[in-house]
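*Asks:* Residue numbers (the working numbering), protein chains in the order written: chain A, 9 to 234; chain B, 14 to 284.
All residues carry an ideal CB built from backbone N, CA and C; glycine is no exception.
To start, I am sharing the structure in question, which I have written as structure tokens.
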């Protein structure tokens with residue numbers, strides 16, 4: 009708290025009778041040394057803090073590469089049943105980087121979402137949209153069932169019961185013209201109308217307001233030019 | 014330079030007055046080993062001036078009526094020390110390698126390393142013990158009203174320590190890298206992502222990318238053994254300083270004694 013009874017010092021060093029003062033000078037030696045020493049300390053601290061922080065946070069901003077993995081010939085897949093295929097989503101870490109895609113041929117009678125070049129084959133992710141446990145396809149019931157908390161999805165991957173907040177994620181698929189093989193691309197998320205969204209974490213509803221509460225991430229792979 | 018007044022030495026350590034029969038003018042000397050010990054302590058004390066601080070820390074007055082629940086804080090501290098010591102030695106054998114090495118190194122600790130199964134189990138069960146103890150300690154402080162003025166900051170630091178302890182449990186759970194560890198962490202990270210706006214970014218940070226990747230395990234390992242333990246050690250230091258500085262609160266059922274106002278019964282202070 010400033011002392012009101014003390015006379016206010018002039019800001020000019022000349023008025024304060026400081027030896028070697030210049031006309032119009034306001035910065036004292038002590039003030040200058042304070043600034044330089046603290047400034048140097050701040051620069052030194054920032055010099056190791058900022059790179060370390062950037063190093064730790066960089067993965068948030070990393071963009072994924074768009075890759076295609078062959079999973080079989082078009083004849084391997086039917087409209088009536090899913091074929092279980094192992095696809096790699098993180099290369100270089102062995103089995104921990106693998107996931108499962110349930111693949112079938114698109115059936116225009118039940119698949120009402122608009123057809124384009126990426127969904128001649130339907131490839132569903134096995135990641136439960138409640139909390140990410142692996143779901144299992146049961147052909148007798150034509151349902152996907154999650155072992156963790158009882159999430160159930162119908163044949164198209166829409167939620168049929170339990171806690172999941174949105175239909176099963178999907179993978180882009182295409183038929184490679186040169187090899188003739190069916191290929192699986194990156195994962196994408198869908199809302200209840202099966203509109204495509206960039207991949208979100210399980211447990212994040214993207215119907216209505218949800219798509220704004222859980223914005224697209226920086227690491228989303230962007231579709232390639234075809 | 015004025016010295017801070019130091020609390021008196023406890024009775025057991027005060028020099029005893031000589032019996033009349035012994036005081037025949039001789040200078041009392043200690044046997045050589047004790048004398049050497051005294052010289053070492055004196056040498057240290059002359060250079061560090063530690064003894065008032067140690068006396069301040071160790072021989073404190075304690076209010077009447079303290080009971081067993083008051084020991085839960087030290088019990089939690091010992092659980093933390095157990096985790097620290099066993100953790101350091103587990104780190105000598107553990108390999109945070111996603112492509113099979115982590116699981117294999119834990120299997121090696123359990124199956125081949127001398128006392129490995131014991132040290133691993135001490136760390137694993139000690140984690141649960143610490144979480145149980147820290148919550149019992151928290152309950153004791155809450156139900157005795159010991160968080161009230163002037164001990165609010167001690168409480169706040171304690172709550173941060175509870176959160177850090179749970180974070181230790183979460184990050185440590187992944188390290189054995191078996192099916193249970195993997196899927197529990199996947200579920201935990203996805204619960205984390207359920208927070209609107211910031212949740213997905215936090216999960217990306219934890220995963221070190223969009224999906225469970227090569228760096229996720231080493232990230233959890235670094236957080237588990239370097240980041241949080243360092244923070245916890247510093248906060249435990251602050252917590253203990255405040256406990257010593259402010260003293261221990263009496264149980265709520267102890268009424269203030271007008272005869273000993275501001276004084277404590279010295280004979281009941283030993284705990």
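Listed in chain order, which residues of the segment 207-232 of chain B have Cβ atoms closer than 8 Å to some Cβ of chain A?
*Replies:* Listed by position, the residues of the segment 207-232 of chain B near chain A (Cβ gap below 8 Å) are 207, 209, 210, 212, 213, 214, 216, 217, 218, 220, 221, 222, 223, 224, 225, 226, 227, 228.
*Asks:* Check for me: the alpha helix (DSSP H) holding residue 209/A runs from which residue to which?
*Replies:* Here residue 209/A belongs to no alpha helix (DSSP H), and DSSP marks it neither H nor E.
*Asks:* Could you tell me which residues DSSP puts in a beta bridge with residue 133/A?
*Replies:* Beta-bridge pairing links residue 133/A to 109/A.
*Asks:* Expressed to the nearest angstrom, what Euclidean distance is found between the alpha-carbon atoms of residue 176/B and residue 13/A?
*Replies:* Distance between the alpha carbons of residue 176/B and residue 13/A is about 50 Å.
*Asks:* From residue 55/B to residue 150/B, what does the alpha carbon distance come to, in whole angstroms?
*Replies:* So the two alpha carbons sit approximately 38 Å from each other.
*Asks:* According to DSSP, what are the bridge partners of residue 179/A?
*Replies:* DSSP, once it has assigned bridges, lists 131/A, 195/A as partnering residue 179/A.
*Asks:* Any contact of the segment 176-192 of chain A with the segment 135-146 of chain A, i.e. 3+ C-beta pairs under 8 Å?
*Replies:* These segments touch.
*Asks:* With a threshold of 7 Å on Cβ separation, who are the neighbours of residue 153/A within its own chain once the five nearest residues in sequence on each side are excluded?
*Replies:* Only 143, 144, 146, 160 meet the Cβ criterion.
*Asks:* Report yes if the CB atom of residue 180/A is closer than 8 Å to the CB atom of residue 110/A, and no otherwise.
*Replies:* Going by C-beta atoms, residue 180/A is not nearer than 8 Å to residue 110/A.
*Asks:* Out of curiosity, what's the CA-to-CA distance linking residue 184/A and residue 117/B?
*Replies:* So the two alpha carbons sit approximately 39 Å from each other.
*Asks:* At the 8 Å Cβ level, is residue 121/B part of the contact set with chain A, yes or no?
*Replies:* Not closer than 8 Å to any Cβ of chain A, the Cβ of residue 121/B fails to qualify, so no.
*Asks:* Using the Cα positions of residue 21/B and residue 141/B, report the straight-line distance between them to the nearest angstrom.
*Replies:* Roughly 40 Å separates the two Cα atoms.
*Asks:* Residue range of the alpha helix (DSSP H) that residue 17/A falls in?
*Replies:* No alpha helix (DSSP H) contains residue 17/A, which DSSP labels as neither H nor E.
*Asks:* State buried or exposed for residue 233/A, treating a residue as buried only when at least 16 other CB atoms are found within 10 Å of its CB.
*Replies:* Caution is warranted here: a pLDDT of 49 is assigned to residue 233/A, below 50, making its placement in the model unreliable, and the coordinate value is therefore given only provisionally. With fewer than 16 Cβ atoms within 10 Å of its Cβ, residue 233/A is classed as exposed.
*Asks:* Identify which residue in 69/B, 201/B, 178/B, 18/B has its Cα closest to the Cα of residue 257/B.
*Replies:* Out of 69/B, 201/B, 178/B, 18/B, 69/B has the C-alpha closest to the C-alpha of residue 257/B.
*Asks:* For residue 112/B, return the contacting residues in chain A, with the cut-off set at a CB-CB distance below 9 Å.
*Replies:* Those within 9 Å of residue 112/B in chain A are 100, 101, 102, 103, 104, 105.
*Asks:* Looking at the structure shown, is residue 61/B part of a helix, part of a strand, or coil, going by DSSP?
*Replies:* Of the three classes helix, strand and coil, the one that applies to residue 61/B here is helix, per DSSP.
*Asks:* With H, G and I counted as helix, E and B as strand and the rest as coil, what does DSSP make of residue 123/B?
*Replies:* It is helical.
*Asks:* Of all the options 210/B, 146/B, 218/B, which has the alpha carbon lying nearest to the alpha carbon of residue 83/B?
*Replies:* Minimum Cα distance to residue 83/B is reached at 146/B.
*Asks:* Could you tell me whether the Cβ atoms of residue 108/B and residue 97/B are closer together than 8 Å?
*Replies:* Their beta carbons are not under 8 Å apart, which means residue 108/B does not touch residue 97/B by this criterion.
*Asks:* Evaluate the contact criterion for the segment 167-187 of chain B versus the segment 231-251 of chain B: three or more CB pairs, one atom per stretch, below 8 Å.
*Replies:* Counting Cβ pairs under 8 Å, three or more are found: they touch.
*Asks:* When you compare only the Cα positions, how much space is there between residue 187/B and residue 59/B?
*Replies:* When rounded, the distance between both Cα atoms is 49 Å.
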